[in-house]
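Only one structure is covered here, and it is reproduced in the block below.
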Amino acid sequence: MAQQKMHLTVGDVARRSGLAVSAIHFYERKGLISADRTGGNQRRYGRDVLRRLALIRAAQEVGLPLSEVADALSALPAGRTPTPEDWRRIATGWAERLDARIRVLQRLRTDLDGCIGCGCLSLQRCQLVNPADSLADEGTGAVSLAR
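Numbering of the sequence shown is given in this note's numbering, commencing with residue 1 and proceeding in unit increments.
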């Protein structure tokens, strides 16, 4: 006997995933998840969407942009729950990016400790990090973090 695919309403998905209905619709509009439509035009999601939403949330927790999540999800077969092997492949692909982000965050933490420690609280006037506002010549924004 063929197993029938269980479909979830958007409310079911929201309850099971812990996400707001609006977030689920947003991810669908971005092409990260998909739904079938009933004759009455109501969304119905396969159970695989729950694992995909968990992957999206994990990526967002570590600061990965949705474009990278979309690239990873596009490599998965549609309508199938991502397997542990799928997750290992995706995680391996993200590891180098996360390591680089960790290095930037550690440098930021160290620089903030030094700046806050001197009491000036101004990166424009800081004689340690930015003497004579020399970073202004390098561009706008947090130019020291891009190094």
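Just so you know, even glycine gets a beta-carbon here, dropped at the ideal spot from N, CA and C.
For A35, same chain residues with a beta-carbon under 7 Å away, outside a window of 5 residues either side, are E28, R43, R44 and Y45 in chain order. For G39, the secondary structure class from DSSP, reduced to helix, strand or coil, is coil.
C-alpha of R80 to C-alpha of S74: approximately 12 Å in a straight line. Under the three-state reduction of DSSP output, L8 falls in the strand class.
Rounded to whole angstroms, the gap between the alpha carbons of P84 and A91 is 10 Å. Beyond the five residues adjoining it in sequence on each side, L32 comes within less than 8 Å, by CB distance, of R52, I56, L66, V69, A70 and L73 in the same chain, given in chain order. Just measuring C-alpha positions, the residue of D86, L64 and P82 sitting nearest A100 is L64. R44 is bridged by DSSP to D36.
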